[in-house]
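**Student:**
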Amino acid sequence: MSAILSVRGLEKTFGSVVAARDITLDVPRQQSIGIIGANGAGKTTFVNMITGYLRPSKGSILFEDRDITGLPSRAITRLGIARSFQVAQVFPSLTVDENVAAAVAVARTRASLLMSAITPLASAPATAEAEELMTLFQLGDYRNARAATLPQGVRKLLDIAMALVGAPRVLLLDEPTSGISIEEKFAVMELIMTALASRRTTVLFVEHDMEIVARYAERVLAFHDGTVIADGPPTQALADPTVQTLICGTAPLGVAAGEVLHAQGLRS
Amino acid sequence: MLTAFAILTDGLVYAAYLFVVAIGLSLIFGVMKILNVTHGSFYAFGAYGAAIAVGAYFNADYAAAGGFLLMGVVAIVVGLVLGLLIERGLLRVVYGRDEVVVVLVTYSAFLILEDVLRLLWGTESYALYQPLAIGGNVMVGGLVLSGYDIGLVVFAIVLAFAASYALRHTRYGRLLTVVIFDRELAAAFGINVSVMYTVTFVLGAILGALGGAVMAPKIAVTLGIGVEVIVLAFAVVIIGGLGSIEGALIGALIVGTCRAAAVHLVPQLELFVIYAVMALVLVFRPYGLFTRAQPRKI
Amino acid sequence: MTWRNTLVGALAFAVVASAAVVLPAWLMSLATIALANALVVLGLIILWRAGLVPFGQALFYATGAYTVALLGRFTDLRDAVLFVIAAALLSGILAYLVGLLLARYRDIFFAMLSLAMSMILYGVLVKTETLGSTDGFHVESATFFGSALHGRTAELVLFWFVLAWCALAALVVSVYFRSVAGSLAVPVREREIRLEFLGISVNRLIHLKLIIAGTLAGIGGALAALAVEHVDPTMAYWTTSGGFVFVTILAGAGSIAAAFIGSFLFELVRSVAVDLMPGTWQIILGTVLLLTILFLPGGLGSVVTVGRRRLGIKTP
């Protein structure tokens, strides 16, 4: 199986601060990867470099065998890598309907500015894609609510739904369940992962909750001090003694190793 | 050689006066994040006030030193009255709205005050000639320099040092630095941001009026001087970087020198040069010379 | 719904066009200027919807006006249509060039850089002898489709000519507002980052807005030059830009019609104020602007929307 995303020797420095270093990995198609690590370990920096928000200081990123290192984020998005944000980035004064419609409209015309200036916003096929996403993420009840008034969890779902417009092949989720109550976390994650599976999207998600990682990741990347210290299936990566001491112990919702493995056991 | 010297001295004098006007504008922006168009009115009221009050004072033949002191008094009165009126009566209502909307509010106040000037003092022009006469002339290297100009430059330098000292070493200055750095943090520390705003705005207004007062002897005080000065002051603070003393100083020097050079070498390009420099600076330093762009956080 | 709007718009223009026949001369010349200026405002509305306020739109207004004036002075061309097209092209190109730089800025830096650009032109115009320096110069009368007109006929034809350009501009802008790019104004204002990560360049969106707005301002300037038959550097001064911004805020970003109505009211109040209460024009201006910002943030256009909602009519 050839990799859809290949990262080679990625490094990012801010002045004398090294935020990420020596990151090398391959992501096969349709894999679901959980990224763990303490705050400041370099997780978001990694996501930001892949999606073009930050320009790597060193190293290269290949997407479908094409070098995308240093491309602007909009170009990377156009090629098929989308992302969501720690804090949902939606248009607050627009309704859910309008948010999704805007995303669909942009995706359909983003190649040509001139096209986008003469294509009417409301065109039939665009509405079809919007409807599909609304159903997939159960946003129907909130249609006419302004994004600013949405509950946190729904706003994050909207953010992800918008990222999925235009069917990206790779999706990076930056803490999809942060700010969502513990009871709802699994429901939200279940919804997201089901939607992604149905669209065969390769997904990398940053997550603090080890239980969620254990349940939804096929592979875990453990970050510490800007680099990957463990990479493998959850059973193996989460059991790694270094990961145990450095990350699981410090995670905000730290879960004892036994419980994690138990959760993993339940799953398989 | 003589031209170069003339450019330098003219530039310095012009920069001195621009600095006095611009530092108030920059102070208000630094603390309140308001680009205050009304600053042009403060300047104009300062100039009118000085031309009329100080002119009357000299005509009554009192001691000369008192006349110069009176300029300061006029500036303080104008700044206090107009500053309090605008900040308490107007800006208070629109805090928290878009930067651009607040600019428009100050623009409205500026328009109103322009006509208030006209209603108060009519369309004629006032001249305050005595201070220049009292200041006398000095010959330096074959060039006639006005004593008043030299005094102005000295005054600007003192003002720059005083402002910089006050910001670092006085209680108000230090509190101000905190507010400039992070408004919410300052409020969380128990600093009364609302009072700080009022004090800052009034102080800025006084400085604006002072700019007008000290400039009054050098210009014909007439309608429209506020309109002209505000765009110049904008150029100064944008070049230097909004909200910093060094910025206002360097901006004033750059604009002053460029203008003097243009006036002496290619008079046709006087205005062109100032704004071309401003555009050029913004191309390379989008937020001016002395400010660092804040990275967006996601 | 959109068809109804277009129909209403067409009808409104037709009514105004026929009403012109009975308009007194002073009102017609006032309306001609108001319409020409409304084109500038129309462009500013495009930018204002995205949260951008250029304090130097007079740059393009003056460019359009001087294009007509200079063509009349230095060439044998006299055709009005040609004049306006030349002005539109030139100001459009200038807007493209200025936009390369300006589109990277937001908020007050956008406003101030735009101001600087217009002041550069002002500085050049004031000091250049061949461009008429401070006094400006007379604009040659244009011909309409080959014939030179005089008196009342000339005024009437000029009015219709300006009106026709306004109708065209209104149509183009309404198509733009309904397009994908045009509908992204609120997203541009609120969350640039989301747009970038949807794969579209916000700077280029803004650049496009600038080109459209600049071209409209150029056409407005050209028409104003034809109407006033004189150009001078104050057309590029920042207070001229300020006036356009004023009408834009007054009109609000909500509707195209508001640009025309706002511009007309502005000219009307100005001529009345200057006649009856000299020296208070700017007080009126400032007070109205203040009241609009404080109590009617959506501008005049929003009164219609709010009214409709109260009456239970669905807004298009």
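Protein chains in written order, with the numbering used here: chain W, 1 to 268; chain U, 1 to 298; chain E, 1 to 316. Glycine included, C-beta positions come from ideal geometry on N, C-alpha and C.
1. Along chain W, which residues have their Cβ under 7 Å away from the Cβ of P187/E?
2. If the criterion is Cβ atoms closer than 7 Å, does the pair M196/U and I238/U meet it?
3. Mind listing which residues of the segment 181 to 213 of chain E have their C-beta closer than 8 Å to chain W's C-betas, in chain order?
4. What residue ranges within the segment 3 to 76 of chain W form continuous beta strand (DSSP E) runs of no fewer than 3 residues, ordered along the chain?
5. Secondary structure at A222/W, three-state DSSP: helix, strand or coil?
6. Can you tell which of G256/U, A163/U, F201/U, Y62/U has its C-alpha closest to the C-alpha of L232/U?
7. Chain W beta carbons: is any one of them nearer than 7 Å to that of S179/E?
8. Using a Cβ cut-off of 7 Å (strictly closer), state whether L5/W contacts chain E.
9. Would you verify that the beta carbon of D115/U is, or is not, closer than 7 Å to some beta carbon of chain E?
10. Starting from R104/E, find everything on chain U with Cβ-Cβ shorter than 8 Å and list it in chain order.
11. Kindly list the residues whose CB is nearer than 8 Å to the CB of V157/E, restricted to its own chain and excluding five residues on each side of it in sequence; keep chain order.
12. Among the candidates G92/E, T240/E, L294/E, whose CA atom is the shortest distance from the CA of G214/E?
13. If I follow the unbroken beta strand (DSSP E) through F205/W, where does it start and stop?
14. Is it true that the segment 9 to 29 of chain W meets the segment 186 to 197 of chain W, where meeting means three or more beta-carbon pairs spaced less than 8 Å apart?
15. Is it right to say M277/E is buried, meaning 16 or more other beta carbons lie within 10 angstroms of its own, or is it exposed?
16. Just list the residues that DSSP pairs M139/U with in beta bridges.
17. Using only CA atoms, which one of V37/U, H39/U, A22/U, Y48/U lies nearest to K302/U?
18. Taking only three categories from DSSP, how would you classify V15/E?
19. Is there a Cβ from chain W that is less than 7 Å from the Cβ of P316/E?
20. For chain U, find out if any of its Cβ atoms is closer than 7 Å to the Cβ of T6/E; answer yes or no.
21. Counting Cβ pairs closer than 8 Å, one from the segment 196 to 208 of chain U and one from the segment 21 to 28 of chain U, do we hit at least three?
22. Give a yes or no on whether 7 Å exceeds the smallest Cβ distance from M277/E to chain U.
23. How many angstroms separate the CA atom of A105/W from the CA atom of V180/E?
24. Counting only beta-carbon separations shorter than 7 Å, does L62/W have a partner in chain E?
25. The alpha helix (DSSP H) with I200/E in it runs from where to where?
26. Less than 7 Å between the C-beta atoms of L300/E and S108/U, yes or no?
27. Can you tell me the Cβ-Cβ gap for A117/W and Y96/E, rounded? I've got them flagged as a contact below 8 Å.
28. With three or more C-beta pairs closer than 8 Å as the rule, is the segment 201 to 218 of chain E touching the segment 37 to 57 of chain E?
29. Taking 7 Å as the CB-CB limit, is Q57/E close to chain U?
30. Any beta carbon from chain U within less than 7 Å of M235/E's own beta carbon?
31. Any idea if E184/W is buried or exposed, counting beta-carbon neighbours within 10 angstroms, 16 or more meaning buried?
32. Can you give the Cα-Cα distance for V139/E and G286/E, rounded to whole angstroms?
33. Chain W partners of V175/E, CB-CB under 9 Å?
34. Reducing DSSP to helix, strand and coil, say where H138/E ends up.
35. So with CB distances below 8 Å, who are the chain U contacts of F109/E?
36. Going along chain E, which residues have a C-beta under 7 Å from R74/W?
**Tutor:** Let's see:
1. To locate residue 187/E, count along the third sequence from 1; it is residue 187. Within chain W, the residues near P187/E are F91, A102.
2. To locate residue 196/U, count along the second sequence from 1; it is residue 196. To locate residue 238/U, count along the second sequence from 1; it is residue 238. For M196/U and I238/U, no; Cβs fall outside 7 Å.
3. A181, G182, S183, L184, V186, P187, E190, R191, I193, R194, L195, E196, F197, L198, G199, I200, S201, R204, L205, L208
4. 3 to 14, 17 to 28, 32 to 37, 58 to 63
5. Indexing the first sequence from 1 puts residue 222/W at position 222. Strand.
6. The sequence position of residue 232/U within the second sequence is 232, counting from 1. Among G256/U, A163/U, F201/U, Y62/U, the Cα nearest to that of L232/U is on G256/U.
7. Locating residue 179/E in the third sequence gives position 179, counting from the first residue. At least one chain W Cβ lies under 7 Å of S179/E.
8. Reading the first sequence from its first residue, position 5 is the one you call residue 5/W. No, L5/W does not count as interfacial toward chain E.
9. As a position in the second sequence, residue 115/U is number 115, starting the count at 1. Among the residues facing chain E, D115/U is included, as its CB has a counterpart in that chain under 7 Å away.
10. Position 104 of the third sequence, counted from the start, is the residue given in the question as residue 104/E. Near R104/E (Cβ distances below 8 Å), the residues of chain U are P286.
11. Numbered from its first residue, the third sequence carries residue 157/E at position 157. Answer for V157/E: F144, L149, listed in chain order.
12. Locating residue 214/E in the third sequence gives position 214, where the first residue counts as 1. Closest option to G214/E, Cα to Cα, is G92/E.
13. If you number the first sequence from 1, residue 205/W lands on position 205. Residues 202 to 206.
14. no
15. As a working mapping, residue 277/E is identified with position 277 in the third sequence. Exposed.
16. For the purposes of this step, residue 139/U is identified with residue 139 of the second sequence, where counting begins at 1. DSSP lists V144/U as partners of M139/U.
17. Within the shown structure, residues of chain U are numbered from 1 to 298, placing residue 302/U beyond reach of any answer.
18. Here residue 15/E corresponds to residue number 15 of the third sequence, with the count starting at 1. Residue state, collapsed to three classes: helix.
19. Position 316 of the third sequence, counted from the first residue, corresponds to residue 316/E. The predicted position of P316/E is uncertain, since its pLDDT is 38 and thus under 50; no value can be drawn from it.
20. Locating residue 6/E in the third sequence gives position 6, counting from the first residue. No, no contact with chain U.
21. Touching, per the Cβ criterion.
22. For the purposes of this step, residue 277/E is taken as the residue at position 277 of the third sequence. It does not; no Cβ of chain U falls within 7 Å.
23. Here residue 105/W is taken as the residue at index 105 of the first sequence, counted from 1. Here residue 180/E is taken as the residue at index 180 of the third sequence, counted from 1. Taking the straight line from one Cα to the other gives about 6 Å.
24. Residue numbering aside, residue 62/W sits at position 62 when the first sequence is read from its first letter. Not an interface residue.
25. Walking along the third sequence from the start, residue 200/E turns up at place 200. Unbroken run through I200/E: none, as it is neither H nor E.
26. The sequence position of residue 300/E within the third sequence is 300, counting from 1. The sequence position of residue 108/U within the second sequence is 108, counting from 1. In this structure, S108/U does not lie closer than 7 Å to L300/E by Cβ.
27. On the first sequence, residue 117/W is found 117 positions in, with the first residue counted as 1. On the third sequence, residue 96/E is found 96 positions in, with the first residue counted as 1. Their Cβ separation, rounded to whole angstroms, is 14 Å, which puts A117/W and Y96/E out of contact at 8 Å.
28. yes
29. Within the third sequence, the letter at position 57 stands for residue 57/E. Taking Cβ atoms only, chain U never reaches closer than 7 Å to Q57/E, which makes this a no.
30. Within the third sequence, the letter at position 235 stands for residue 235/E. No, no contact with chain U.
31. As a working note, residue 184/W is residue 184 in the first sequence. That one is exposed.
32. As a first step, residue 139/E is located in the third sequence; it is residue number 139 there, counting from the start. As a first step, residue 286/E is located in the third sequence; it is residue number 286 there, counting from the start. V139/E and G286/E: Cα-Cα distance of roughly 32 Å.
33. The residue given as residue 175/E occupies position 175 in the third sequence. Here the neighbours are A117, I118, P120.
34. Indexing the third sequence from 1 puts residue 138/E at position 138. DSSP places H138/E in strand when its eight states are reduced to three.
35. Within the third sequence, the letter at position 109 stands for residue 109/E. The answer, in chain order, is I238, L282, P286, Y287.
36. On the first sequence, position 74 is the one that residue 74/W refers to. Within chain E, the residues placing a beta-carbon under 7 Å from that of R74/W are E196, G199, I200, S201, ordered along the chain.
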